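Take a look at the structure below.
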Amino acid sequence: MLPPSASPSQGSSLCPTRFFSPRFFYVYCLIFLSITALIGVKMHLKNYLPVALLGVSALAQSPTPSPSADPFKVYTISAANITAKVIPYGARLTSLLVPDRHGKPQDIVVGYDDPKDYLKDTKTNHTFFGAVVGRYANRIKNGTFEVDSTKYQIATNENGGADTLHGGIVGYDARNWTVTSHTNSSVTFTLHDRGLEKFPGEVITHAVFAVDSTPSADNPAGLPQLTTKLISLALTQTTPIMLSNHIYWNLNAFQKPTILNDTFLQLPLSQRLIGTDGILIPNGTILGVDAYKGSPDFTQGKLVGRDLKNAQGLCGDDCTGYDNCFVVDRPAQSAASNSVVPVLRANSSATGISLEVATNQQAVQIYSCNGQNGTIPIKPSQAKKNKDAKIDGAKAVNKYGCLVIEPEGWIDGINNPEWGQLGDQVFSPESAPAVNWATYRFGTV
50 MLPPSASPSQ GSSLCPTRFF SPRFFYVYCL IFLSITALIG VKMHLKNYLP VALLGVSALA
110 QSPTPSPSAD PFKVYTISAA NITAKVIPYG ARLTSLLVPD RHGKPQDIVV GYDDPKDYLK
170 DTKTNHTFFG AVVGRYANRI KNGTFEVDST KYQIATNENG GADTLHGGIV GYDARNWTVT
230 SHTNSSVTFT LHDRGLEKFP GEVITHAVFA VDSTPSADNP AGLPQLTTKL ISLALTQTTP
290 IMLSNHIYWN LNAFQKPTIL NDTFLQLPLS QRLIGTDGIL IPNGTILGVD AYKGSPDFTQ
350 GKLVGRDLKN AQGLCGDDCT GYDNCFVVDR PAQSAASNSV VPVLRANSSA TGISLEVATN
410 QQAVQIYSCN GQNGTIPIKP SQAKKNKDAK IDGAKAVNKY GCLVIEPEGW IDGINNPEWG
470 QLGDQVFSPE SAPAVNWATY RFGTV
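Mapping the sequence shown onto the working numbering, position 348 (from 1) lands on 397, and the numbers just tick up by one.
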């Protein structure tokens with residue numbers, strides 16, 4: 050969280066300071082273009098190479114980019130049937146409008162209408178609404194890990210020092226990112242991490258948000274789609290890197306008090322999940338989805354609330370619900386272990402809005418908003434839509450009132466090398482970049 054005295058003008062918590070020397074910038078550009086182009090061949094050549102070029106061209110516009118003057122400035126991007134709003138504070142998605150079954154646009158992202166409320170949230174509830182989290186998403190046991198026989202102790206920020214959550218006390222979600230590119234349909238944010246929260250070495254990350262509705266081989270119907278790309282390069286030392294987008298979704302647009310009885314969820318490639326202790330720190334075990342009487346089995350799809358009664362303890366001590374890292378086991382025909390595949394499908398019977406998430410990540414964290422308690426009002430703009438439609442919907446973000454979907458790696462994989470995940474979580478100046486690629490495609494049912 051931010052210290053009480055912090056403000057957007059104080060660089061220690063909201064923004065990085067001096068960025069690159071010109072010589073370093075040009076060397077970085079060459080390295081960035083080369084290695085991202087190689088990754089593109091492996092994953093999605095036609096989509097990935099433009100991102101590599103975008104990163105270089107965006108930086109080329111300003112060899113010494115400075116943090117955004119206003120971290121709460123709203124950038125709007127749009128395409129047919131989709132409009133997104135993002136802000137530099139936390140490289141954060143604050144709104145996403147897509148049509149419901151009647152063609153009426155609905156905002157299906159949880160958050161605030163007033164961008165400055167995200168800073169207030171960081172100081173109080175610290176929900177991470179819509180933010181990019183890092184340098185390492187989710188939890189690191191004891192805030193410690195070992196890289197190249199060197200043990201590191203980073204900042205801890207949860208459970209009395211028992212773990213580091215989402216990067217530490219002031220993670221990427223509470224930083225003022227630089228806007229390095231903005232078009233009608235995309236925004237790129239950039240953050241230079243100089244060893245924040247005591248992580249080793251320096252890392253530069255580009256966070257890309259893009260919307261599109263153009264028919265293509267991957268999207269023949271031209272459905273509205275949000276694409277997120279988190280591209281991180283280790284600049285000076287070998288270091289863990291595992292970012293994620295921490296977006297809270299509500300496909301019923303708060304027309305219902307919760308998502309339990311209207312939202313269908315399917316995780317077709319997830320027959321396993323990471324076992325955790327009572328405070329959600331991995332305990333080294335891998336569970337089958339038949340655990341807890343099958344409550345985490347979403348392989349065939351079911352309403353989120355159908356087996357909730359059997360999920361007692363699944364989300365930690367004194368908790369009933371889901372807050373779990375589901376492993377993605379790709380089918381044998383996938384060309385590579387990091388190929389982009391559909392990992393989640395969901396829809397709301399209330400609005401008819403459907404969502405398909407595809408990603409190159411090895412897991413997806415699902416959180417059923419067990420910790421929300423109705424103290425945070427929904428956006429006034431969302432409440433107005435429901436009022437205008439004469440719908441007596443939710444007035445606040447209730448318990449089980451949303452669904453967080455975090456495409457990421459196996460949580461705390463850096464402390465469990467027996468899982469074989471280090472190749473996707475530890476990076477060096479000599480390695481390829483860390484890339485978190487996800488698409489969110491919307492339709493109606």
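The C-beta atom is built at its ideal place from N, Cα and C for all residues, glycine as well.
For clarity, every value in this text was computed on a predicted model and none was experimentally measured.
Closest in C-alpha terms to leucine 146, from the list Pro137, Ala128 and Gly139, comes Ala128. The C-beta separation of lysine 444 from glycine 160 comes to about 16 Å, leaving the pair out of contact by the 8 Å criterion. Residue range 131-136 is occupied by the beta strand (DSSP E) that includes lysine 134.
Bridge pairing for tryptophan 486: Lys278 [DSSP]. The three-state secondary structure of aspartate 437, taken from DSSP, is helix.
Here threonine 171 carries a helix assignment [DSSP, helix/strand/coil].
Here DSSP, grouped into helix, strand and coil, assigns asparagine 233 to coil. Straight-line measurement puts the Cα of glycine 217 at about 20 Å from the Cα of phenylalanine 238.
Contact annotation: serine 430 and aspartate 149 have beta-carbon atoms that are not nearer than 8 Å. In the structure shown, the three-state DSSP call for serine 383 is coil.
Around the beta carbon of aspartate 163, a 10 Å sphere encloses fewer than 16 other beta carbons of the protein chains shown; the residue is thus reported as exposed. Between alanine 186 and alanine 340, the alpha-carbon positions lie close to 25 Å from each other. Between valine 453 and valine 413, the gap from beta carbon to beta carbon reaches 8 Å or more. One alpha carbon belongs to glutamine 202, the other to lysine 247, and they sit about 7 Å apart. Fully contained in the region 303-367 is no alpha helix (DSSP H) run of length 4 or more. Note that the region 363-383 touches the region 322-331; at least 3 beta-carbon pairs, one per stretch, sit closer than 8 Å. Taking 8 Å as the cut-off, the beta carbon of leucine 272 is found closer than this to the beta carbon of phenylalanine 491.
Under the DSSP assignment, aspartate 261 falls in the beta strand (DSSP E) whose first and last residues are 252-261. Cβ contact annotation for alanine 211 (same chain, cutoff 8 Å, sequence separation greater than five): Lys190, Asn191, Thr205, Ile328 and Ile330, in chain order.
Here serine 265 is exposed. Its C-beta has fewer than 16 other C-beta atoms within 10 Å. One Cα belongs to proline 478, the other to glycine 458, and the distance between them is close to 20 Å. With fewer than 16 neighbouring CB atoms inside 10 Å of its own CB, isoleucine 335 falls in the exposed class. Here the alpha carbons of isoleucine 460 and threonine 213 stand approximately 12 Å from one another.
In this structure, the CA atom of leucine 142 is about 7 Å from the CA atom of isoleucine 296. The C-alpha of glutamate 195 lies about 14 Å from the C-alpha of glycine 250. Inside the region 394-427, DSSP marks whole beta strand (DSSP E) runs of 3 or more residues at positions 402-408 and 412-416, from first to last along the chain.
For threonine 229 and glycine 183, the gap between their C-alpha atoms comes out near 19 Å. Beta-bridge partners assigned by DSSP to arginine 141: Ile136. Phenylalanine 121 and glycine 324 have their C-alpha atoms roughly 38 Å apart. Look at glycine 472 here: in three-state DSSP terms it is helix.
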